[in-house]
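In the numbering used here, the protein residues as written are 1404 to 1698.
Using N, Cα and C, we set each Cβ at its ideal position, and we do this for glycine too.
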Amino acid sequence: MIKVEEEISTRIDLYLAEKLSISRSKVQKLIKEDKVLVNGKKVSANYQIKLNDEIEVNDELNYEINIEPENIPIDIVYEDDDLLVINKKSGMVVHPAPGHYTKTLVNALLYHFNIESKDKMRPGIVHRLDKDTSGLMLVAKNEETHDKLAKMIATKEVERHYLAITDGVIKEDSGTIDAPIGRDQNNRQKMQVTDVNAKEAVTHFKVLKRFKKNTLIECILETGRTHQIRVHLAYIGYPIVNDPTYNKGKTTEFGQMLHSKSIKFHHPRTNKELYFEVEPPQEFKEKLQELESEE
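Structure follows, in structure tokens:
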């Protein structure tokens, strides 16, 4: 995502050619293929960019990008010769993409570890967390481990639990949301429950505590679609507190109150069962304290 943060009057093809260090003809080709969106909508090559425009470019571009290692601290929960379990902080983008080539988790991983990977853009990344989602993530140190972990996730052999604070009081003690998710046809930056070009998506949830106007829940992913928990909870009428994309209420800079709390799986080499759990970040805890004080 590229956000225009200056008053400038120029065509989008010229702007992106300079910003991404690629040819203008390459940008025009991407625009024709609908791989460039401004504020979630298709544009023509002569579109005049404006302050605060948000430009999304398909990140599967066929040009080399030098991803620089950066000395960014990583909270390591577990490490061995094959894999890492890390506690990602809220606000950190997982891997480089147009507009985000620095200060990502991948930049940090390249600095601290020697990761063997064919994927130059996502070395070691087995699954992703959204930028503002905190908590546990798996990282593979080599290609063999990456392939095994990816297969385990696809075959539902990795159990992932999340904590979320929703707007609204959920009446059911537990439930399952089984609703396919696909790209929002009106805003390509968003996902939605739909039957159009959609994939199966299943989220289980359990109520942990009810507040006056909110609910603390635990979510278990059966599938792992983009924005899955956020989309599913908004779909049933209980969007996550502070979600800037799927909650129409007031939001702050911190982002959605969603935390990857625990992960359980068998080590792909030793077959030993591993379980890890981390507490949510301070902002999440403070929100819970605020809700408790309103009781």
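Reference residue i; option with closest CA among the options
i, options, result
"Lys1675", "Asp1646, Glu1695, Lys1667", "Lys1667"
"Val1605", "Met1594, Asn1590, Tyr1481, Ile1580", "Ile1580"
"Val1599", "Lys1432, Lys1651, Gln1588, Lys1609", "Gln1588"
"Thr1507", "Leu1661, Ile1477, Lys1664, Glu1686", "Ile1477"
"Leu1691", "Lys1429, Gln1631, Lys1615", "Lys1615"
"Asp1535", "His1549, Ala1567, Ile1528, Tyr1514", "Ala1567"
"Leu1417", "Leu1539, Ser1665, Tyr1450", "Tyr1450"
"Ile1405", "Asn1461, Asn1510, Ser1426", "Asn1461"
"Ile1411", "Leu1454, Ala1420, Val1441", "Leu1454"
"Arg1563", "Glu1547, Glu1546, Leu1541", "Leu1541"
"Leu1440", "Ile1425, Ser1428, Glu1457", "Glu1457"
"Leu1388", "Phe1687, Arg1672, Val1644, Glu1519", "It is not possible to answer for residue 1388, since the shown part of the chain is limited to 1404 through 1698."
"Ile1499", "Met1524, Glu1473, Leu1487, Asp1484", "Position check: residue 1499 holds Pro in this sequence, whereas Ile was assumed. Among Met1524, Glu1473, Leu1487, Asp1484, the Cα nearest to that of Pro1499 belongs to Met1524."
Supposed contact pair residue j and residue i - C-beta distance, whole angstroms, cut 8 angstroms
i, j, result
"Pro1647", "Gly1658", "6 angstroms"
"Ile1584", "Lys1602", "6 angstroms"
"Glu1459", "Gln1595", "So it is not a contact: roughly 16 angstroms between Cβ atoms."
"Val1610", "Asp1576", "5 angstroms"
"Val1497", "Leu1532", "6 angstroms"
"Lys1612", "Gly1538", "Lys1612 to Gly1538, Cβ: 19 angstroms. No contact."
"Cys1622", "Tyr1565", "4 angstroms"
"Val1644", "Lys1664", "Their Cβ separation, rounded to whole angstroms, is 16 angstroms, which puts Val1644 and Lys1664 out of contact at 8 angstroms."
DSSP beta-bridge partners of residue i
i, result
"Thr1569", "Thr1618, Ile1643"
"Lys1667", "Glu1562, Tyr1678"
"Ile1405", "Ile1458"
"Lys1445", "Leu1440"
"Gln1451", "Arg1414"
Limits of the alpha helix (DSSP H) - the one that residue i falls within
i, result
"Leu1691", "1685-1696"
"Val1430", "1427-1435"
"Leu1419", "1415-1423"
Segment limits, beta strand (DSSP E) that includes residue i
i, result
"Val1439", "1439-1441"
Kindly provide the ranges of any alpha helix (DSSP H) runs that are 4 or more residues long and lie completely inside the segment 1578-1646, ordered along the chain.
Complete alpha helix (DSSP H) runs here, min 4: 1631-1638.
Pick out the complete alpha helix (DSSP H) segments inside the segment 1458-1515, 4 residues or longer, and give them in chain order.
Counting only runs of 4 or more, we get 1508-1515.
Every unbroken beta strand (DSSP E) within the segment 1520-1552, with a cutoff of 3 residues, ordered by chain
Within the segment 1520-1552, complete beta strand (DSSP E) segments of at least 3 residues are found at 1537-1543, given in chain order.
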